[in-house]
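S.K.: Just passing along the structure, written as structure tokens.
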Amino acid sequence: MDHFLYKAGALHAEDVPVPEIAASVGTPFYCYSAATLTRHYRLFDEALDGLDHLVCYAMKSNSNQAILKLMAGLGAGMDVVSGGEYLRAKAAGVPGERIVFSGVGKTGEEMRLALEGGIRQFNVESEPELVLLSQVAEAMGATAPITIRVNPDVDARTHEKIATGKAENKFGIPISRAREVYAQAAALPGIEVIGIDVHIGSQLTELDPFEQAYLKVADLTKQLRADGHTIRRLDLGGGLGIPYERSNTAPPLPTEYGALIKRTVGDLGCEIEIEPGRLISGNAGILVTEVIYVKSGEGRDFLIVDAAMNDLIRPAMYGAWHDIVPVAEPAAGVERQPFDIVGPVCETGDTFAKARPMPPVQAGALVAFRSAGAYGAVMSSEYNTRPLIPEVLVHEHQFAVIRARPSFEEIINRDSVPSWL
Ligand code: LLP
124 MDHFLYKAGA LHAEDVPVPE IAASVGTPFY CYSAATLTRH YRLFDEALDG LDHLVCYAMK
184 SNSNQAILKL MAGLGAGMDV VSGGEYLRAK AAGVPGERIV FSGVGKTGEE MRLALEGGIR
244 QFNVESEPEL VLLSQVAEAM GATAPITIRV NPDVDARTHE KIATGKAENK FGIPISRARE
304 VYAQAAALPG IEVIGIDVHI GSQLTELDPF EQAYLKVADL TKQLRADGHT IRRLDLGGGL
364 GIPYERSNTA PPLPTEYGAL IKRTVGDLGC EIEIEPGRLI SGNAGILVTE VIYVKSGEGR
424 DFLIVDAAMN DLIRPAMYGA WHDIVPVAEP AAGVERQPFD IVGPVCETGD TFAKARPMPP
484 VQAGALVAFR SAGAYGAVMS SEYNTRPLIP EVLVHEHQFA VIRARPSFEE IINRDSVPSW
544 L
């Protein structure tokens, strides 16, 4: 459930009519609902009730400072994957002991930054990373708490670009070699082994792959303990999917996911961390765009909108589906007609949807892409010198711009021309 509903003939974000925001900030823009973000965070938190746990929001999905501040206020930890994300989390007031550092290519500089500012744990993904972390920590006279990310060789049955738990993926160390690498870690200075990390992919729509992975982690916990390691924390990653196509998908709920965690690893006496991103922020956001032209083509009609692939790249990059709805509520039973919904960028890939049944829409009408709160604004670019679009946060009847649209002047002045030109 989210808080984008039709009321009095217009799509609302909580209690604010979307056309009112459009009139104030211009199109296109992202719009997020604070109530939805809060609700989704709490669903996870409550699903793990009874376990010692921390929900570490995967801020890569949406890392606006206002969103992070809201999450931090709810008690969330953060999963970060770069020095930049670490600094964003700190800037939003998240204490170091609530920040976990994931990622396959951490640099020595990023390690130093986190050790200096405080870190809950590093999720180490390879032996060379382990060695570098040991050197960095030792040189600083610090100790780095770590888990090792194991690759359980499980098929997450999701899009190939976001599956991470198969043996051929670049992530983690093969679970078959885990005992060896834990032995190596235990012998290194500046390293304190505290647990195990696993993350098998994103937008998972079934529980079975999680179950397979977590059972393997449970076995490994027992083996490593028998080898003499202290395993007191399990980071189970993120990945629970959302219903992008509401009319025909219903992924498992956080309560079912929580029950699965309890069933598979709940009796090991470990502190449990999860790193959900998409399920918290995805359906908490929409992208609002205006139809520039309705164009008739050869055997098909196009809605040319003022948002483009640079604003929301998921359809171009993953062939992703987003529900697209008119902001003015269509009359009940109105006839729908297929449209290709496309942006102005000069690439055929700039297509959001093909032959999408839409009620009658005129140029100047507003339409909203649903489920755009995760991996939307964070993956946007200024391709075609299209300014990054504003982000707006709604809370009940109020809204605020939480990232403003840059001016063309700001964009152009970011470049510098060498004196010899
Ligand atoms: N933890 C780790 C280590 C991750 O790599 C990810 C996502 C997450 C947690 C959060 O996963 P989530 O709960 O959001 O599924 N840009 C793609 C998604 C990339 C996901 C990358 N890693 C998309 O738009 O679908």
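Counting in the working numbering, the final residue of the sequence shown is number 544, and the numbers go up one at a time with none missing. Backbone N, C-alpha and C define an ideal beta-carbon position, used for all residues, glycine too.
Specify the secondary structure class of Val388 as computed by DSSP and reduced to three states.
M.R.: helix
S.K.: Comparing C-alpha positions only, which one of Pro140, Glu315, Thr281, Asn371 sits nearest to Ile269?
M.R.: Glu315
S.K.: Should Tyr416 be labelled buried (16 or more other beta-carbon atoms within 10 Å of its own) or exposed?
M.R.: exposed
S.K.: Is the segment 128-147 touching the segment 467-482 in the sense that three or more CB pairs, one from each, lie closer than 8 Å?
M.R.: no
S.K.: Looking only at its chain, what residues have a beta carbon closer than 8 Å to the beta carbon of Ala527, apart from the 5 residues adjacent to it on each side?
M.R.: Result list for Ala527: Pro513, in chain order.
S.K.: For the alpha helix (DSSP H) containing Ser257, name the first residue and the last one.
M.R.: Looking at the DSSP string, the run of the alpha helix (DSSP H) that includes Ser257 is 250-263.
S.K.: Give every residue of the same chain whose Cβ lies closer than 7 Å to the Cβ of Ala158, excluding the five residues on either side of it in the sequence, and list them in chain order.
M.R.: His126, Glu137
S.K.: Would you report the Cα separation of Cys393 and Ala382, rounded to the nearest angstrom?
M.R.: 16 Å
S.K.: In angstroms, rounded to a whole number, what distance separates the CA positions of Gly499 and Pro366?
M.R.: 16 Å
S.K.: Please report how far the alpha carbon of Pro142 lies from the alpha carbon of Leu544, in whole angstroms.
M.R.: 47 Å
S.K.: Alpha carbon to alpha carbon, what distance is there between Ile271 and Gly228?
M.R.: Spanning the two alpha carbons is a distance of roughly 14 Å.
S.K.: Check whether the segment 167-180 touches the segment 425-432, taking contact to mean three or more Cβ pairs, one atom from each stretch, closer than 8 Å.
M.R.: no
S.K.: Report yes if the C-beta distance between Leu410 and Ala431 is below 8 Å; otherwise report no.
M.R.: no
S.K.: Quick one: is the Cβ of His322 within less than 7 Å of any heavy atom of the ligand LLP?
M.R.: yes
S.K.: Can you find a CB in chain C that lies within less than 8 Å of the CB of Val223?
M.R.: Among the chains of the structure shown, chain C does not appear; only one protein chain is present.
S.K.: Below 7 Å CB to CB, which residues in the same chain sit around Ala214 once its five sequence neighbours on both sides are set aside?
M.R.: Gln188
S.K.: Could you pull the DSSP bridge partners for Asp327 from this structure?
M.R.: The residue you asked about is not Asp; residue 327 is Leu in the sequence shown. Answer is Leu363.
S.K.: Which of the three DSSP states is assigned to Ile535 in this structure?
M.R.: helix
S.K.: Using a Cβ-Cβ cutoff of less than 7 Å, which residues in the same chain neighbour Asn246 once the five nearest sequence positions on both sides are dropped?
M.R.: For Asn246, where only same-chain residues beyond five positions count, the Cβ hits under 7 Å are Val223, Phe224, Ser225, Thr270, Arg272, Asp320, Asp358.
S.K.: For the alpha helix (DSSP H) holding Leu544, just list the boundary residues, first then last.
M.R.: Unbroken run through Leu544: none, as it is neither H nor E.
S.K.: Hey, is Ile317 close to the ligand LLP, as in C-beta under 7 Å from one of its heavy atoms?
M.R.: no
S.K.: Here's a check: name, in chain order, each residue in its chain whose Cβ is nearer than 6 Å to the Cβ of Pro377, leaving out the five neighbours to either side.
M.R.: Within the same chain, Pro377 has close Cβ partners Leu166, Phe167, Ala170.
S.K.: Nearer than 7 Å: is that true of the beta carbon of Glu398 relative to any heavy atom of the ligand LLP?
M.R.: yes
S.K.: Report yes if the C-beta of Ser225 is less than 7 Å from at least one heavy atom of the ligand LLP; otherwise report no.
M.R.: yes
S.K.: On the DSSP bridge list, what partners appear for Thr270?
M.R.: Partner(s): Asn246, Gly318.
S.K.: Reducing DSSP to helix, strand and coil, say where Lys229 ends up.
M.R.: coil
S.K.: Run the CB neighbour count on Leu128, radius 10 Å, all protein chains shown included, and call it buried at 16 or more, exposed below.
M.R.: In the assembly as shown, Leu128 is an exposed residue. Its beta-carbon has fewer than 16 other beta-carbons within 10 Å.
S.K.: Can you tell me where the alpha helix (DSSP H) holding Gly200 begins and where it ends?
M.R.: That residue, Gly200, is in no alpha helix (DSSP H); its beta strand (DSSP E) goes 200-203.
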